[in-house]
Amino acid sequence: MRSKHPGDILDWLKSIVESCETIEQTFTASKCLDNFRRNNATPIEYKWKVDSLRSMLHFKRQTILNERRS
C-alpha cells in the first residue's frame, strides 16, 4: 500500500529533486512541488520543507546550467 502521509510524500519529492539531470526534469519537479502544496492543507512544518526543496531545486537547476556552459 502506498503511503499518503505528507512526510512520506515529501521524502519522495526530495528523491525526485535529487535525481534531476536536465532542466526539463527540474521544471517537472517544480510542478510536483506546486501540486503538493496546492493539494495538501499541510501544517507549517511541511510548507517550510517544500520551500527547502524548492531552494534545493533552484541550486540543482543552476548546477545543470553551469555544466552546460562548460
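Residue numbers (numbering that gives the first Met the number 0): 0 to 69.
Ideal Cβ positions, reconstructed from N, Cα and C, are used throughout, including at glycine.
For the alpha helix (DSSP H) that residue i lies in, which residues bound it at each end?
i, result
"Glu-20", "Run containing Glu-20: none; DSSP gives neither H nor E here."
"Lys-46", "43 to 68"
From residue i to residue j, what does the alpha carbon distance come to, in whole angstroms?
i, j, result
"Leu-9", "Glu-66", "27 Å"
"Phe-26", "Arg-37", "16 Å"
"Gln-24", "His-57", "12 Å"
"Thr-62", "Lys-30", "19 Å"
"Asn-39", "Glu-20", "27 Å"
"Gly-6", "Ser-18", "19 Å"
Can you have a look at residue i and say buried or exposed, based on whether 16 or more other CB atoms are within 10 angstroms of its CB?
i, result
"Leu-12", "buried"
"Arg-60", "buried"
"Leu-52", "buried"
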